[in-house]
Every structure is written in structure tokens, then in C-alpha cells.
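If you're matching positions, the sequence shown starts at 3 in the numbering used here and goes up one per residue.
Below: the structure, in C-alpha cells.
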Amino acid sequence: MPECTRMSITPVQEEKLKIAVENTCELCHDYHPAVFLEIHSISRHPTKEMKRDPSTRILVVCQICHAHIHQLPVSIGKQRALVKHRSFYIRRDIRRILPGSK
Ligand SMILES: [Zn+2]
Ligand SMILES: [Zn+2]
Numbered sequence: 003m004p005e006c007t008r009m010s011i012t013p014v015q016e017e018k019l020k021i022a023v024e025n026t027c028e029l030c031h032d033y034h035p036a037v038f039l040e041i042h043s044i045s046r047h048p049t050k051e052m053k054r055d056p057s058t059r060i061l062v063v064c065q066i067c068h069a070h071i072h073q074l075p076v077s078i079g080k081q082r083a084l085v086k087h088r089s090f091y092i093r094r095d096i097r098r099i100l101p102g103s104k
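Here you go:
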């Protein structure tokens, strides 16, 4: 698994996140079995927005895309753009799974 500065996500939350995106990698948009999906934390240095709304800090990606992200052909700007373009329902579900600090 690529080195990823993980936020504290429980195995239960991880399972729910995979269901929220319907087992679809948020980078390549292909369907993968859950064991093939991983949670990527976008930045080592979370912004205020990411702390308030942790859903903006993670991407659910397949192992191949995850390795790709860490070899950095995928800039943080691009990763954040992917988060921004999530569908309403996926964003809502992920926020429910990862409630932010109030
Ligand atoms: Zn992928
Ligand atoms: Zn990662």
C-alpha cells in the first residue's frame, strides 16, 4: 500500500465510504471489488476546510490509482477538483460517514 498520511478512519467507516461511492474509484471511475479500494488522504497539511469537513480530505481510489497519486502525476489541485465535482448524493453520504468538527 502506498504511504498515506491517514486520518483516523475506522474499518467500519472505510467500508461505508466504499459503499458511498458504489465501489467506483474516484480517479479512474472504474468499478472495483471493495478489497481493491483504498482511502487516500489528500494532504498531509489539512486546510481549515478539510478540518471542518473531512469529506473534502479523502478520495476513495483503487490500488492502481492510489499508487499513481503517490507518484505524484496527480497534483493536489487535481485531487481537490475531484472532491469538488462529487455528485450531491456521494458528498452527502461521505459527510454522514465522516462528520466534521463543529
Ligand atoms: Zn482507479
Ligand atoms: Zn494515499
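A virtual CB, placed ideally from N, CA and C, is assigned to each residue, including glycine.
Review point. Taking 7 Å as the line, does the beta carbon of S43 fall inside it for any heavy atom of ligand 2?
Key: Residue mapping note: residue 43 aligns to position 41 of the sequence shown, counting from 1. Yes, since a heavy atom of ligand 2 falls inside the 7 Å radius drawn around the Cβ of S43.
Taking buried to mean at least 16 other C-beta atoms within 10 Å of its own C-beta, is V14 buried or exposed?
Residue numbering aside, residue 14 sits at position 12 when the sequence shown is read from its first letter. So V14 counts as exposed.
Answer yes or no: the CB of C6 versus the heavy atoms of ligand 2, is any distance below 7 Å? Walking along the sequence shown from the start, residue 6 turns up at place 4. Within the cutoff, so yes.
Original post:
P101: which of L39, C64 and S57 sits nearest, CA to CA?
Top reply: Within the sequence shown, the letter at position 99 stands for residue 101. If we check each option's Cα against that of P101, S57 comes out closest.
Query raised in the report: Any idea what DSSP makes of T7, helix, strand or coil?
Result: Position 5 of the sequence shown, counted from the start, is the residue given in the question as residue 7. Three-state result, T7: coil.
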